[in-house]
Amino acid sequence: MDDTVVGNRSSPSYRWEVPPGRNGWAQPTHGPAPANAPASAPAVGAVAPGTAALLILADGRFPAGGHAHSGGAEAAVKAGRIHDAVTLEAFCRGRLHTAGLTAAALAAAAAAGVDPLVLDEAADARTPVPALRTTARRLGRQLMRAARATWPSPELDALAAARPRGAHQPVVQGLAARAAGLDPRAAAYAAAYESAGGPASAAVRLLSLDPFDATTVLARLAPEMDRIAARAAEAGHRALDEGPGALPAAAAPLLDIAAEQHAAWPVRLFAS
Amino acid sequence: MHLDHPETYPQRHTHGADPRRPDGTRRALRIGLGGPVGSGKTATVAALCRALRDELSIAVVTNDIYTREDAEFLLRNAVLPAERISAVETGACPHTAIRDDISANLEAVEDLEEGVGPLDLILVESGGDNLTATFSKGLVDAQVFVIDVAGGDDIPRKGGPGVTTADLLVVNKTDLAPYVGSDLERMARDAKEQRGDLPVAFTSLVAPEGVRPIADWVRERLAAWTAAPA
Numbered sequence: 008m009d010d011t012v013v014g015n016r017s018s019p020s021y022r023w024e025v026p027p028g029r030n031g032w033a034q035p036t037h038g039p040a041p042a043n044a045p046a047s048a049p050a051v052g053a054v055a056p057g058t059a060a061l062l063i064l065a066d067g068r069f070p071a072g073g074h075a076h077s078g079g080a081e082a083a084v085k086a087g088r089i090h091d092a093v094t095l096e097a098f099c100r101g102r103l104h105t106a107g108l109t110a111a112a113l114a115a116a117a118a119a120g121v122d123p124l125v126l127d128e129a130a131d132a133r134t135p136v137p138a139l140r141t142t143a144r145r146l147g148r149q150l151m152r153a154a155r156a157t158w159p160s161p162e163l164d165a166l167a168a169a170r171p172r173g174a175h176q177p178v179v180q181g182l183a184a185r186a187a188g189l190d191p192r193a194a195a196y197a198a199a200y201e202s203a204g205g206p207a208s209a210a211v212r213l214l215s216l217d218p219f220d221a222t223t224v225l226a227r228l229a230p231e232m233d234r235i236a237a238r239a240a241e242a243g244h245r246a247l248d249e250g251p252g253a254l255p256a257a258a259a260p261l262l263d264i265a266a267e268q269h270a271a272w273p274v275r276l277f278a279s
Numbered sequence: 206m207h208l209d210h211p212e213t214y215p216q217r218h219t220h221g222a223d224p225r226r227p228d229g230t231r232r233a234l235r236i237g238l239g240g241p242v243g244s245g246k247t248a249t250v251a252a253l254c255r256a257l258r259d260e261l262s263i264a265v266v267t268n269d270i271y272t273r274e275d276a277e278f279l280l281r282n283a284v285l286p287a288e289r290i291s292a293v294e295t296g297a298c299p300h301t302a303i304r305d306d307i308s309a310n311l312e313a314v315e316d317l318e319e320g321v322g323p324l325d326l327i328l329v330e331s332g333g334d335n336l337t338a339t340f341s342k343g344l345v346d347a348q349v350f351v352i353d354v355a356g357g358d359d360i361p362r363k364g365g366p367g368v369t370t371a372d373l374l375v376v377n378k379t380d381l382a383p384y385v386g387s388d389l390e391r392m393a394r395d396a397k398e399q400r401g402d403l404p405v406a407f408t409s410l411v412a413p414e415g416v417r418p419i420a421d422w423v424r425e426r427l428a429a430w431t432a433a434p435a
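Okay, here's the thing in structure tokens:
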């Protein structure tokens, strides 16, 4: 492990403090409200600040390497566990509530300002199999490149320097959200959505599944994604003071086992 | 955000398109090779490696659709040492990996530069795809589109981004033209019409020195790349 200290872990919390970078940008904010905006309640039809940035970050077309990964769907299809929309929904629900919740909480904690190196270790502890650690770091490295180009930030630069081979993807995702001016809940949403959206789009390619069915699966899971994101955001906030022990460690042993097997296949469509 | 920043893309270097290495020296020239399935992309890469490896430091990135066949072909034929060949997995979408989301390919070229560099030339081979598959300018500095006479002599006329915009169009397997009824002159005429002054090379890789027109073009590109101000 690289022991470079990029953050300040002095008591009383796990808050990460990085001095302003060469551009002199302070902590990202949503910017001042327009002068003519009402000071109190949001107007009818108003949405949370940063919503558009969240759409960009969570978009499947965000160029961060996700298209080459199935989130375990390829192995599950081969094993017969996913073969139609119903079984896809069961798979995505399981992933959302296990690996998805864990990833969302890591992302929320990073967005809240917890030291990403502490979170990177916490992610390792929550990722028991080497294949998925490798995948998470590879995707984290690719996301880092895209995020630094999209939302330049001294914090992203610092993590990239400390983890040149890649930090865990959810940690980078949370820090990218922070750089984009998003709050921890938005970061949790991005991670939670990806945990289900990745396998769903892969299943369309693997099974020639009706794309409308796959999207319907995601829509049916949306209320659960809301709950997962809220829970993850709450844990992420708590980690600021309580440390990574406050973060959930939900795991899916079958995803872990299948990922190890999949990594050894000589012929496959997806990298994971 | 940051609308007052004087540069629109201040972090351009994170894309990998910057011609300089972090230490300020000029990085390797990156040439992409794309084209339909079976037109001879891997054979062209192998022939280029054999023709140029004694004068240049070369590495290759392959983008297979679902296997490591192309990388393994190059390894089996020992055109380069194994550590100079890297395979990128593309999730059933080779064109995405070379155009829309180039992050995995950028990592592969950067890792090759770091591991076996300094390099003069990196060849990035696309998985076999369709006539619209082109490389992102964020990934390669120039691209070659490889078609063959057996795929039909109407392909140059049909055009498409690969045929019309590639820096070099290669029409391969000219030795097969008499057997498949392809009219090479018609292909040349149509290509000229689609491409204007952009070059076209007619090759037969089975002939001795068959890759020479492409190798000479690569040498010219490399000379221009090296001569450009860092």
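Here the protein sequences line up with chains A and B, keeping their order.
8 is the number of the first residue of the first sequence in my numbering; add one for each residue after it.
206 is the number of the first residue of the second sequence in my numbering; add one for each residue after it.
Where is the CB? At the ideal position from N, CA and C, for every residue including glycine.
Relative to the C-alpha of residue i, which candidate in the options has its C-alpha closest?
| i | options | result |
| --- | --- | --- |
| ALA229(A) | ARG145(A), PRO159(A), ARG100(A), ARG144(A) | ARG100(A) |
| ASP66(A) | VAL136(A), ALA80(A), ALA154(A) | ALA154(A) |
| THR408(B) | GLU425(B), GLU318(B), VAL375(B) | VAL375(B) |
| PRO260(A) | GLY79(A), HIS74(A), ALA59(A) | GLY79(A) |
| VAL354(B) | THR230(B), ASP269(B), LEU389(B), VAL242(B) | LEU389(B) |
| ARG131(A) | LEU113(A), ARG227(A), ALA226(A) | Looking at the sequence shown, residue 131(A) is not Arg but Asp. Closest option to ASP131(A), Cα to Cα, is LEU113(A). |
| LEU247(A) | ALA83(A), ALA75(A), ASP122(A) | ASP122(A) |
| SER160(A) | ALA138(A), LEU214(A), ARG185(A), ILE63(A) | ARG185(A) |
| LEU189(A) | ALA271(A), GLY57(A), ARG22(A) | GLY57(A) |
| GLU414(B) | GLY240(B), GLY243(B), ALA252(B), ASP223(B) | ALA252(B) |
| ILE352(B) | ILE303(B), TRP422(B), GLU288(B), GLY364(B) | GLY364(B) |
| THR301(B) | GLY107(A), ARG68(A), ALA116(A), ALA83(A) | ARG68(A) |
| GLU318(B) | ASP259(B), VAL416(B), ASP228(B), LEU381(B) | ASP228(B) |
Against chain A, with Cβ distances strictly below 8 Å, would residue i count as a contact?
| i | result |
| --- | --- |
| ALA287(B) | no |
| THR267(B) | no |
| GLU294(B) | yes |
| THR272(B) | yes |
| ASP209(B) | Low local confidence applies: a pLDDT of 46 at ASP209(B) is under 50, so the model's placement there is unreliable, and no value is given. |
Please state if the CB of residue j and the CB of residue i are separated by a distance shorter than 8 Å.
| i | j | result |
| --- | --- | --- |
| ALA239(A) | ALA55(A) | no |
| ALA207(A) | GLN180(A) | no |
| GLY73(A) | LEU146(A) | yes |
| LEU166(A) | ALA174(A) | yes |
| ASP359(B) | LEU403(B) | no |
| ILE419(B) | LEU328(B) | no |
| GLU96(A) | VAL224(A) | yes |
| PRO70(A) | SER244(B) | no |
| ASN268(B) | THR247(B) | no |
| GLY332(B) | PRO299(B) | yes |
Where do the ends of the alpha helix (DSSP H) carrying residue i lie?
| i | result |
| --- | --- |
| GLU425(B) | 417-432 |
| SER291(B) | Here SER291(B) belongs to no alpha helix (DSSP H); instead the beta strand (DSSP E) covers 290-294. |
| ALA264(B) | First-last for ALA264(B): 263-269, but that is the beta strand (DSSP E), not the alpha helix (DSSP H). |
| ILE63(A) | 58-65 |
| GLU128(A) | 123-132 |
| ILE235(A) | 218-249 |
| VAL385(B) | 382-385 |
| ASP263(A) | 260-270 |
Under 8 Å, Cβ to Cβ, is there at least one residue of chain B near residue i?
| i | result |
| --- | --- |
| HIS269(A) | no |
| LEU139(A) | no |
| LEU280(A) | Nothing can be reported for residue 280(A): it is not among the residues displayed for chain A, which extend from 8 to 279. |
| ALA132(A) | no |
| VAL274(A) | yes |
| VAL12(A) | Since pLDDT at VAL12(A) reaches only 47, below the 50 mark, its modelled position is unreliable, and the value read off the structure follows with that caveat. No, because no Cβ of chain B sits closer than 8 Å to the Cβ of VAL12(A). |
| PRO39(A) | Confidence at PRO39(A) is low in this model, with a pLDDT of 44, below 50, so its placement is unreliable and no value can be given for it. |
| GLY31(A) | Low confidence applies here, because GLY31(A) scores a pLDDT of 33, under 50, leaving its location unreliable and the question unanswered by this model. |
| ARG100(A) | no |
| HIS76(A) | yes |
| ALA304(A) | Residue 304(A) is absent from the structure shown; chain A starts at 8 and stops at 279. |
| ALA278(A) | yes |
Where does the unbroken beta strand (DSSP E) through residue i begin, and where does it stop?
| i | result |
| --- | --- |
| ALA297(B) | Here ALA297(B) belongs to no beta strand (DSSP E), and DSSP marks it neither H nor E. |
| PHE407(B) | 405-407 |
| LEU238(B) | 234-239 |
| GLU330(B) | 326-330 |
| ASN377(B) | 373-377 |
| ASP395(B) | First-last for ASP395(B): 389-400, but that is the alpha helix (DSSP H), not the beta strand (DSSP E). |
Since residue i meets chain D, which of its residues come closer than 9 Å, beta carbon to beta carbon?
| i | result |
| --- | --- |
| ALA239(A) | The question asks about chain D, but that chain is absent: this structure's protein chains are A and B. |
Inset, instruction - Quick one: which residues of the segment 58-72 of chain A get their C-beta closer than 9 Å to a C-beta of chain B? List them in chain order. - result: So the close ones are ALA60, ARG68, PHE69, PRO70, ALA71, GLY72.
Inset, instruction - Quick one: which residues of the segment 296-312 of chain B get their C-beta closer than 9 Å to a C-beta of chain A? List them in chain order. - result: So the list reads GLY296, ALA297, CYS298, THR301, ALA302, ASP305, ASP306, ILE307, SER308, ALA309, LEU311, GLU312, given in the order they occur along the chain.
Legend entry - Against chain A: residues of the segment 328-340 of chain B by CB proximity under 8 Å: Cβ contacts with chain A: none found.
Inset, instruction - Anything in the segment 144-160 of chain A with a Cβ closer than 7 Å to a Cβ of chain B? List those residues in chain order, please. - result: Cβ contacts with chain B come from ARG148, GLN149, ARG152, ALA153, ARG155, ALA156, PRO159.
Legend entry - chain A contacts made by the segment 373-391 of chain B, where a contact means CB separation under 9 Å: So nothing in the stretch comes that close.
Legend entry - Within 7 Å of chain B by C-beta, residues of the segment 210-244 of chain A in sequence order: Listed by position, the residues of the segment 210-244 of chain A near chain B (Cβ gap below 7 Å) are ARG212.
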